Amino acid sequence: MVKIRLQRTGKRNDPRYRVVVTESRTPRDGKVIEILGYLNPKREGEWKIDLERYDYWISQGAQPTDRVRALVKLARKRTQTTA
Numbered sequence: 001m002v003k004i005r006l007q008r009t010g011k012r013n014d015p016r017y018r019v020v021v022t023e024s025r026t027p028r029d030g031k032v033i034e035i036l037g038y039l040n041p042k043r044e045g046e047w048k049i050d051l052e053r054y055d056y057w058i059s060q061g062a063q064p065t066d067r068v069r070a071l072v073k074l075a076r077k078r079t080q081t082t083a
């Protein structure tokens, strides 16, 4: 099964995350099919998700994690208010 989840990058005590599409059995830092965006939790508002590619992968049967689903919900709300 294909999952859309966060992959931790950055340094110790300075986490950053990528929103990635990966096979569910691979480890957290394992092989990635596609990178959809990024997130820096220490800086408010520093994140981006490619919603078109997200929708494509959802249509292909990928399952997002709860955290990614919440980020996408915020991203859609943010694009509606700026548009």
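Residues 1 to 83 (the numbering used here) are what the sequence shown spells out, left to right. By construction, the Cβ of each residue, glycine as well, lies at the ideal position given by its N, Cα and C atoms. Model, not experiment: these values are computed from the prediction.
Excluding five sequence positions before and after V72, the CB atoms of its chain that fall closer than 8 angstroms to its own CB belong to I49, L51, Y54 and P64, given in chain order. In this structure, I4 keeps its C-beta atom at 8 angstroms or more from the C-beta atom of W47. According to the DSSP assignment, I58 belongs to the alpha helix (DSSP H) that extends over L51 to S59.
The Cβ neighbour count for L6, taken over all protein chains shown within 10 Å, is at least 16; the residue is labelled buried.
Nearest Cα to R12 within the set A62, K42, R78 and Q80: K42.
In terms of CA proximity to V68, G37 leads the group V32, G37, D14 and G45.
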